[in-house]
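Each residue of the sequence shown is one higher than the one before, counting from 149 in the numbering used here. First the structure, in the form of C-alpha cells, and then the observations on it.
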Amino acid sequence: MKRAAVRLAVAFTIYCLAGAVAGAERELIVLLRAAVDVEDIAAHHQLRLERTCDVSTLAAGCAVFGLQPVQNVEDVLAGLRNDRRVQRAQPMMTHRVAGMPPKDPYFDLQVRTRPGGVTTLLRRGQGAHVRIAIIDTGVEREHPDLLGRIAYSRNFVGGNADTMPAEFHGTAVTGLIAAHVGNGIGIHGLAGGAEIYSLRGCWEPSYGYGLCSSETLAQALDYAIEMRARIINLSLAGPDDPLLDELVTRATELGATVFGAIGEDPDLRFPTSNPHVIAVEQAYRPDIAVPGERLSVPGLQLLTTVPGGRYDFVSGPSFATAHASGVAAVMLGLEPHLGNADLADWLRRLHGNGRRD
C-alpha cells in the first residue's frame, strides 16, 4: 500500500510540473509602449489575449498572449518585435525554486552549526530597519515563530492578492531569515529585526516543489523595486529571462542587493547570470560559471520553520541563499552603506569558503 501511495505521489508531482511547464510554453509575455490598443495587437498577430499586467518600474504596460495551435513561436515573436507598439516580446519562462523537498521530519536530525564569525555578528544586531523582499512560494504567516514577523505580504500568482497560502519552500526560506529571536520557542532567525516583505511569485503544485513564471516573478520584482527593498532574496533558478534580467538590473541600479541561488542544473542560469546578482551555493560547483560575486555558504541540514507550526531540516542552494540574505541584513543594519562587493567580502571572511570565478 505504501509503495502504491509513493508511486501515486510521484506521478502526481510529474503531472503537475509537466502541465505547468507545457502551458507556459504556449504563452508570450509582451511589454507594450504607452497608450496602445492591446486587443488590436492580439487581433493583428492572431493571438489570444489572456490577461494584462503591469511593470511600472520599466514604464511599460504588460500583456500575456496565448498562441494558436498552428502558430510557430519564433515567427510570432519576430512579428511582435517588428511591431512599433511593442517594447519587448518573449516566451513565458518557467522557473523553479532551488531547494530539495524535505525528508520525513527529523530523519537526519543534526545540530545546526554556524561558523563562529556569524554567531559573533548576530550578537551585535538583528538587521533592524533593513527591508528584505522574499520572492518565493507562500508563507505560513501564523506559524508561532513567524507570527507578526511579516510586515507585508502579497500574492502575485492568482486569486486574491491578500491571500497567502501556507507553502513549504517560502515558509522555510522565511524562517531562516526572519524567525523570532528570543521568544523562547523554535529557532533563532538570522535577521529577526528586519522588515520582511513576503511576495508570492511562485506556487507549489505539490509539497516542496515550487514553480514560477516570467509574469509572476516580474510583478513581484516590480513591487519589490517600488517598495525600495534593500535586499531581494531569489531562492530559485530558471532559464535566461530577458524581462526578469532587466528588472533585476533596475533593482540594483536603485540600490538593492540581490541574492540568487546557483541551481543544480547549469542550464538554469537566471538569476545568477546577471553580473549584479550575488550568486550563492552550498558547495562550490566548478562546472557553473557566474559573472558576478560568488559565495559558498551553509546550506546543508538547516533547521527552519515549515507549515503546520512545525520545524524541519532543509538542504539546498535555496537555503544557502536565505542564509546569505539574513547575514547580509545584519551587516547592513550595522553598516547601511555597504555595497555588493563589500557585503560579499564580509561574507567570505565570515565563512572562509567563498569564491570568485
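Where a beta carbon is used, it is the ideal one built from N, C-alpha and C, also for glycine.
**OP:** With a threshold of 16 other CB atoms inside 10 Å of the CB of V218, please say whether the residue is buried or exposed.
**Re:** So V218 ends up on the exposed side.
Subject >> Unbroken alpha helix (DSSP H) run spanning L443, endpoints >> reply: First-last for L443: R442 to S444, but that is the beta strand (DSSP E), not the alpha helix (DSSP H).
Original post:
Where does R376 land, buried or exposed, given buried means 16+ other C-beta within 10 angstroms?
Top reply: exposed
Original post:
Is the CB of Q449 under 8 angstroms away from at least one CB in chain C?
Top reply: Reference to chain C is not applicable here, since this structure consists of a single protein chain.
Original post:
Helix, strand or coil: which one does DSSP assign to A208?
Top reply: strand
Original post:
Helix, strand or coil: how does DSSP classify D252 here?
Top reply: Note that D252 has pLDDT 34, beneath the 50 cutoff, so the model's placement of it is unreliable and the number below is only indicative. D252 falls in the coil class under three-state DSSP.
**OP:** Specify whether the segment 372-387 and the segment 401-411 touch according to this definition: at least 3 beta carbon pairs, one from each stretch, less than 8 angstroms apart.
**Re:** yes
Subject >> Classification of D370 by the beta-carbon crowding that lies within 10 angstroms, buried from 16 upward >> reply: buried
Original post:
Does DSSP classify E198 as helix, strand or coil?
Top reply: strand
Original post:
Do V478 and Q235 have their CB atoms nearer than 8 angstroms?
Top reply: no
Original post:
Which residue from R398, D388 and H485 puts its Cα closest to that of P239?
Top reply: Closest option to P239, Cα to Cα, is D388.
Original post:
Could you give the uninterrupted runs of the beta strand (DSSP E) lying entirely in the segment 393-459, keeping only those of 3 residues or more?
Top reply: 405-409, 426-429, 442-444 and 450-454
Original post:
Among all the DSSP beta bridges, which residues are the ones paired with T242?
Top reply: S361
Subject >> DSSP state of E290 mapped onto helix, strand, coil >> reply: coil
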